[in-house]
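*Asks:* Residue numbers (the UniProt record's numbering), protein chains in the order written: chain Y, 1 to 196; chain D, 1 to 196. Starting off with a structure, shown below.
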């Protein structure tokens, strides 16, 4: 790819995404600026915002997620406290089992299996855990750990059901998966305060 | 590497391991025979057994695990039913936090992140889950699913603590990790029967 004056719009749009993927993978979410992506792509930062919105939007576009997990999870956790685990399991597994599955699988596989670990850390830590934490912060100060332990349970299921399929995790009906992990997610999100 | 007549003993020993890694990664644990490894390495099957014992021993040598997880877990789960979760968490986290950690991390990273997914499936499914299942098979027939769900909780913690470090999972004291997941492991291993 040659640098220099940006050519047509869709060309710039794709070039920005390519460089964003490389920079997010190398430096993580926090360590990457819109200006750095713009510089790498040879465009003005305003053009990055024009095509891709905020840095967060750019990140989601770069890892090609078809849905914003933060938005989905936030909506899902707007339920009575005693149903948090079931709601979290239902929405996450629901997204994976629906039409989004190929795109989600490709995106997570690319960052988890092929990609840079920092990107996973950035995404899970700075986007997902941070988004869940205030919703389950009872008693105050426990939200981040509650969110983190819940994410470990969910990550293990996604790993062994979709990315590295292991029987019987990968061939159980989705309803059984939800019922199996709803109680443990409930424990993490709303059970006794996590150890500190 | 040239084929043909085996040279010295330690040379054959290493060559067997190299081919075993390749075949286990390509065909999984079940799909790989000692004879196939011997053929690939250009040695007699008896020499494979002489150097590396059973197929299972060969597999463990090939992925360079310093401890046999099946043996460790079996020993750990020889506790009263109400302490299964705590025992499982303690022994697995204990192994990862001890002197084995660099070797375990390298082994799991190589099969999970760099290697072939089939190797992970084979190991977790055919070695670990199958080993745990009969120890927690109450009511009869539930053991495999109990073991599998417990492994999802443990796998998520190992992933986010050691392989793709995410705060706060990666920087909590190990005692807190054990206390955080012991109740959810207990639920999977000995709680209400898993959905079927």
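The beta-carbon is built from N, C-alpha and C at its ideal position, and this holds for glycine as well.
Is it true that the CB of residue 156 of chain Y sits closer than 9 Å to the CB of residue 153 of chain D?
*Replies:* As a first step, residue 153 of chain D is located in the second chain; it is residue number 153 there, counting from the start. As a first step, residue 156 of chain Y is located in the first chain; it is residue number 156 there, counting from the start. Cβ atoms of residue 153 of chain D and residue 156 of chain Y: closer than 9 Å.
*Asks:* Are residue 147 of chain D and residue 128 of chain D touching if we call contact CB-CB under 9 Å?
*Replies:* For the purposes of this step, residue 147 of chain D is taken as residue 147 along the second chain, with counting starting at 1. For the purposes of this step, residue 128 of chain D is taken as residue 128 along the second chain, with counting starting at 1. Yes, they are a contact pair.
*Asks:* Quick one: is residue 54 of chain D buried, meaning 16 or more other Cβ sit within 10 Å of its Cβ, or exposed?
*Replies:* On the second chain, residue 54 of chain D is found 54 positions in, with the first residue counted as 1. The residue is exposed, with fewer than 16 neighbouring Cβ atoms inside 10 Å.
*Asks:* Should residue 49 of chain D be flagged as near chain Y, meaning a C-beta pair shorter than 9 Å?
*Replies:* Taking the second chain and counting its residues from 1, the one referred to as residue 49 of chain D is at position 49. Residue 49 of chain D does not count as touching chain Y.
*Asks:* Does chain Y have any CB closer than 9 Å to the CB of residue 18 of chain D?
*Replies:* If you number the second chain from 1, residue 18 of chain D lands on position 18. With 9 Å as the cut-off, residue 18 of chain D does not count as an interface residue toward chain Y.
*Asks:* Along chain Y, in chain order, which residues have C-beta atoms closer than 9 Å to that of residue 139 of chain D?
*Replies:* Here residue 139 of chain D refers to the residue found at position 139 when the second chain is read from its first residue. Within 9 Å Cβ-Cβ: nothing; residue 139 of chain D doesn't reach chain Y, min ~15 Å.
*Asks:* For residue 78 of chain Y, tell me which candidate among Y:136, Y:12, Y:149 has the shortest Cα-Cα distance.
*Replies:* As a position in the first chain, residue 78 of chain Y is number 78, starting the count at 1. Minimum Cα distance to residue 78 of chain Y is reached at Y:136.
*Asks:* Who are the near neighbours of residue 4 of chain D in its chain, counting only those whose CB is closer than 7 Å to its CB and skipping five residues on each side?
*Replies:* Taking the second chain and counting its residues from 1, one reaches residue 4 of chain D at position 4. Summary for residue 4 of chain D: the model assigns pLDDT 45, below 50, so the residue's position carries little reliability, and this model does not support an answer.
*Asks:* Starting from residue 160 of chain Y, find everything on chain D with Cβ-Cβ shorter than 8 Å and list it in chain order.
*Replies:* Walking along the first chain from the start, residue 160 of chain Y turns up at place 160. Going along chain D in sequence order, the residues near residue 160 of chain Y (Cβ under 8 Å) are 124, 148, 151, 152, 155.
*Asks:* Taking Cβ to Cβ, would you say residue 177 of chain D is nearer than 9 Å to residue 58 of chain D?
*Replies:* The count along the second chain starts at 1 and reaches residue 177 of chain D at position 177. The count along the second chain starts at 1 and reaches residue 58 of chain D at position 58. No.
*Asks:* Which runs of the beta strand (DSSP E), 3 residues or longer, sit entirely within the UniProt domain "HTH tetR-type" (10-70) of chain Y?
*Replies:* Qualifying beta strand (DSSP E) stretches: none in this window.
*Asks:* Does the CB of residue 191 of chain D have a neighbour CB from chain Y at under 9 Å?
*Replies:* Along the second chain, one-based indexing puts residue 191 of chain D at 191. Interface residue, yes.
*Asks:* What is the DSSP secondary structure of residue 164 of chain Y, reduced to helix, strand or coil?
*Replies:* Here residue 164 of chain Y refers to the residue found at position 164 of the first chain. Coil, per DSSP.
*Asks:* Report the option in D:62, D:96, D:81 whose CA atom is closest to the CA atom of residue 72 of chain D.
*Replies:* Your numbering for residue 72 of chain D matches position 72 in the second chain. The residue with the shortest Cα to Cα distance from residue 72 of chain D is D:96.
*Asks:* Can you find a CB in chain Y that lies within less than 9 Å of the CB of residue 132 of chain D?
*Replies:* The sequence position of residue 132 of chain D within the second chain is 132, counting from 1. With 9 Å as the cut-off, residue 132 of chain D does not count as an interface residue toward chain Y.
*Asks:* Within its chain, find whatever has a CB closer than 8 Å to the CB of residue 197 of chain Y; leave out the 5 residues flanking it on each side and keep chain order.
*Replies:* With chain Y represented from 1 up to 196, any question about residue 197 of chain Y goes unanswered, as that position is not in the structure.
*Asks:* I want to verify the contact list: residues of chain Y whose CB lies under 9 Å from the CB of residue 80 of chain D, in sequence order.
*Replies:* Taking the second chain and counting its residues from 1, the one referred to as residue 80 of chain D is at position 80. Ordered by position in chain Y, no residue passes the 9 Å Cβ test against residue 80 of chain D, which lies about 21 Å from the chain.
*Asks:* Could you spell out where the alpha helix (DSSP H) holding residue 77 of chain D opens and where it closes?
*Replies:* On the second chain, residue 77 of chain D is found 77 positions in, with the first residue counted as 1. Looking at the DSSP string, residue 77 of chain D is not in any alpha helix (DSSP H), and its letter there is neither H nor E.
*Asks:* Taking only the alpha-carbon atoms, compute the straight-line gap between residue 13 of chain Y and residue 163 of chain Y and give it to the nearest angstrom.
*Replies:* Reading the first chain from its first residue, position 13 is the one you call residue 13 of chain Y. Reading the first chain from its first residue, position 163 is the one you call residue 163 of chain Y. Those two C-alpha atoms are separated by around 29 Å.
*Asks:* Would you say residue 27 of chain D faces chain Y, with C-beta separation under 9 Å as the test?
*Replies:* As a working mapping, residue 27 of chain D is identified with position 27 in the second chain. Not closer than 9 Å to any Cβ of chain Y, the Cβ of residue 27 of chain D fails to qualify, so no.
*Asks:* Quick check on this structure: which residue in Y:56, Y:62, Y:31 has the alpha carbon closest to the alpha carbon of residue 16 of chain Y?
*Replies:* Working through the first chain from its first residue, we reach residue 16 of chain Y at position 16. When only C-alpha atoms are compared, the closest one is Y:62.
*Asks:* When the Cα atoms are used, what is the spatial distance from residue 125 of chain D to residue 40 of chain Y?
*Replies:* Within the second chain, numbered from 1, the residue matching residue 125 of chain D stands at position 125. Within the first chain, numbered from 1, the residue matching residue 40 of chain Y stands at position 40. If you take the alpha carbons of residue 125 of chain D and residue 40 of chain Y, they lie about 44 Å apart.
*Asks:* Nearest to residue 180 of chain Y by alpha carbon, out of D:151, D:49, D:44?
*Replies:* Position 180 of the first chain, counting from 1, holds the residue named residue 180 of chain Y. Nearest C-alpha to residue 180 of chain Y: D:151.
*Asks:* Comparing C-alpha positions only, which one of Y:170, Y:19, Y:75 sits nearest to residue 52 of chain Y?
*Replies:* As a first step, residue 52 of chain Y is located in the first chain; it is residue number 52 there, counting from the start. Here the closest residue by C-alpha is Y:19.
*Asks:* How is residue 174 of chain D classed by DSSP in three states: helix, strand or coil?
*Replies:* Here residue 174 of chain D refers to the residue found at position 174 of the second chain. Three-state result, residue 174 of chain D: helix.
*Asks:* Helix or strand or just coil, what does DSSP make of residue 94 of chain D?
*Replies:* Against the second chain, residue 94 of chain D aligns to sequence position 94. The answer is helix: DSSP assigns residue 94 of chain D an H, G or I state.
*Asks:* Does the CB of residue 145 of chain D have a neighbour CB from chain Y at under 9 Å?
*Replies:* Looking up residue 145 of chain D in the second chain gives position 145. With 9 Å as the cut-off, residue 145 of chain D counts as an interface residue toward chain Y.
*Asks:* Can you check whether the CB of residue 36 of chain Y is closer than 9 Å to the CB of residue 47 of chain Y?
*Replies:* On the first chain, residue 47 of chain Y is found 47 positions in, with the first residue counted as 1. On the first chain, residue 36 of chain Y is found 36 positions in, with the first residue counted as 1. Cβ distance not < 9 Å, so residue 47 of chain Y and residue 36 of chain Y don't count as in contact.
*Asks:* In chain D, which residues lie with their C-beta within 7 Å of the C-beta of residue 194 of chain Y?
*Replies:* Locating residue 194 of chain Y in the first chain gives position 194, where the first residue counts as 1. Within 7 Å Cβ-Cβ: 180.
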